[in-house]
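These notes are about the structure you will find just below.
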Amino acid sequence: MRGHDVPWSFSYKTWFQTWTGFYHFSEGQTLAPGTKLLNLCVTTKASSGTVEIARSLAYNRLESLCFTRDRLLFYEMQKAVAKRRRWKRQQFSSELSYFLNHYYLLLYGAFDHIAVLVNALFKLGLDEK
Amino acid sequence: MPFIRGKIIPEVESTGRTKRAFDALLWLKDAERPSTLNTFDELEQLRAYLNHFDPPICAIRILIPAADQKTRAIMNDIGVAALSVESVRDLSRISKPLLGKLSEELRTVAATALACDADCVIADTREWFPYAEEFEKLGIFLTSPALLLRQC
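One line per chain: the protein sequences are U and P, in this order. So my numbering is basically just the index in the first sequence, starting at one, shifted up by 12. So my numbering is basically just the index in the second sequence, starting at one, shifted up by 11.
Structure below.
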């Protein structure tokens with residue numbers, strides 16, 4: 013019941029989970045490439061700064077994207093309820109635009125995040141800004 | 012919703028009322044299938060967790076057509092509480108173009124789902140799934156038991 017702030021993973025059942033923990037349990041397949049990249053950075057002895065960039069990408073950024081995606085899906089479900097009940101002026105446009113804006117910000121940030129990581133990994137020497 | 016100084020700003024314009032229960036209407040021909048039983052067993056654990064919250068946050072309701080005694084008995088056996096709903100023949104809530112595309116049985120499924128405000132119809136008849144688009148136009152998600160857990 014993601015839209016109601018109750019994180020629940022069917023694969024790994026834990027009460028009162030945080031969202032970060034929840035997505036690591038429930039979206040293992042989605043997050044696997046990020047975790048694999050982080051492990052690769054650690055095993056190839058990349059600099060601590062580079063590992064930190066990979067860690068924040070795998071453990072913060074991707075979960076936030078999943079969370080925002082689920083909020084958008086939740087409001088799509090709520091829109092379907094309004095449609096069935098023939099409610100007027102129940103378009104959830106405020107909520108949807110709020111989370112859609114957030115989603116785009118996170119997504120563009122993810123591209124920046126990856127660019128910074130590639131720059132650090134391959135020692136390209138480009139200015140981060 | 013936006014927070015300023017730790018307080019929610021009550022944005023009411025262009026918002027909506029949230030339904031706090033997820034209603035799944037079961038229309039199963041073979042509820043005894045092990046994978047189906049497993050799905051509902053998993054779901055029941057989430058329902059038990061949701062029941063633990065006081066005051067309640069949200070709920071998942073399982074709806075079974077009254078005529079489907081077999082599915083009802085199976086759900087009883089595995090301890091899944093379900094509500095009984097009457098099959099509806101009144102098709103007035105379905106538009107004519109959509110009616111033309113649905114078989115007699117699917118019309119009854121759609122009308123029943125609309126009458127009981129089901130968020131999704133859980134079916135195991137594979138031939139029905141190409142009609143998911145028509146159900147979506149009615150605001151109903153038609154899916155298989157395997158995908159039910161992804162919705163929660």
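Yeah, the Cβ is synthetic: ideal placement off N, Cα and C, and Gly gets one too. Predicted model, so just to flag it, every value in this text is computed and none were measured.
So, helix, strand or coil for U:W20, using DSSP? coil
Could you tell me which chain U residues have their CB closer than 7 Å to the CB of P:K30, listed as they occur along the chain? Q90, V93
Report yes or no: is there a C-beta of chain P within less than 7 Å of the C-beta of U:S21? no
What residue does the alpha helix (DSSP H) around U:C78 start on, and which one ends it? 74–96
Examine the Cβ distances between the region 66–81 of chain U and the region 100–107 of chain U and report whether three or more of them are shorter than 8 Å. no
Are the beta-carbon atoms of P:L74 and P:V91 separated by less than 7 Å? Going by C-beta atoms, P:L74 is not nearer than 7 Å to P:V91.
In angstroms, rounded to a whole number, what distance separates the CA positions of U:H36 and P:R44? 30 Å
Can we say the region 77–95 of chain U touches the region 50–65 of chain U, given the rule of at least three CB pairs closer than 8 Å? no
Mind listing the chain U neighbours of P:D130? Cutoff is C-beta to C-beta under 8 Å, in chain order. M89, A92, V93
To the nearest angstrom, how far is the alpha carbon of P:R28 from that of P:R161? 23 Å
N- and C-terminal bounds of the beta strand (DSSP E) containing P:P131: Inspection of the sequence shows that residue 131 of chain P is occupied by Cys rather than by Pro. It spans 131–134 - the beta strand (DSSP E) in which P:C131 sits, taken as one unbroken run.
Coil, strand or helix - P:I71 by DSSP: strand
Run through chain U and tell me which residues come within less than 9 Å of P:I68, C-beta to C-beta. M13, H16, D17, V18
Run of the beta strand (DSSP E) containing P:A35, from where it starts to where it stops: 32–38
Contacts of P:Y142 in chain U (Cβ-Cβ under 8 Å): Residues of chain U passing the Cβ test: none, with the nearest at roughly 16 Å.
Listed in chain order, which residues of the region 100–115 of chain U have Cβ atoms closer than 7 Å to some Cβ of chain P? Within the region 100–115 of chain U, the qualifying residues are Q102, Q103, F104, S105, S106, E107.
Sorted by chain position, which residues of the same chain lie with C-beta nearer than 7 Å to U:R83's C-beta, five sequence neighbours on each side aside? Within the same chain, U:R83 has close Cβ partners G15, F111.
Under 7 Å, Cβ to Cβ, is there at least one residue of chain P near U:R96? For U:R96, a Cβ of chain P is located within less than 7 Å of the residue's own Cβ.
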